[in-house]
Amino acid sequence: MSALLDQLKLVAALLAIAALLYAAFRLFGLKGMLSAIAGLGLLLIYRKGRNDGSTHQIEKERTDADSAVRESVQARHDAARRDADPERLRDDDGFKRRA
Numbered sequence: 001m002s003a004l005l006d007q008l009k010l011v012a013a014l015l016a017i018a019a020l021l022y023a024a025f026r027l028f029g030l031k032g033m034l035s036a037i038a039g040l041g042l043l044l045i046y047r048k049g050r051n052d053g054s055t056h057q058i059e060k061e062r063t064d065a066d067s068a069v070r071e072s073v074q075a076r077h078d079a080a081r082r083d084a085d086p087e088r089l090r091d092d093d094g095f096k097r098r099a
């Protein structure tokens, strides 16, 4: 169903572009049509760059999250290994506590 909607959006966008170019040619002549083509080109380049930027940001956030999860798991394992020795439970950690 999603593929059908994507194709429908593409067909509608192409029809809108064709109508815009036809209207620009009829109202402003060849120069108007060329200006409309240039404007559409800039719009498509802008949208492509925005899409690529958001994709890059999502990948970066996913990588950062995976790194944070790996660091937390490693810290948990280190703490479990450190606390496994009962002789070290009374070691001074440098924090002053009141009795």
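Numbering (full-length UniProt numbering), first residue to last: 1 to 99. All C-beta atoms, glycine included, are put in the ideal place defined by N, C-alpha and C.
Check	Outcome
Where the alpha helix (DSSP H) through K60 begins and ends	S2 to D83
CA-to-CA distance, L15 to I58, given in whole angstroms	32 Å
Cβ pair I37, L27 closer than 8 Å	no
Nearest-angstrom Cα separation, counted from H56 out to V69	20 Å
Outcome for A24 when other beta-carbon atoms lying within 10 angstroms are tallied against a minimum of 16	buried
Sub-8 Å separation of L40 and I17 beta-carbons	yes
Length of the line joining the Cα atoms of A65 and L43	33 Å
Residues of its chain near A12, where Cβ-Cβ distance is below 8 Å and the 5 sequence neighbours each way are ignored	none
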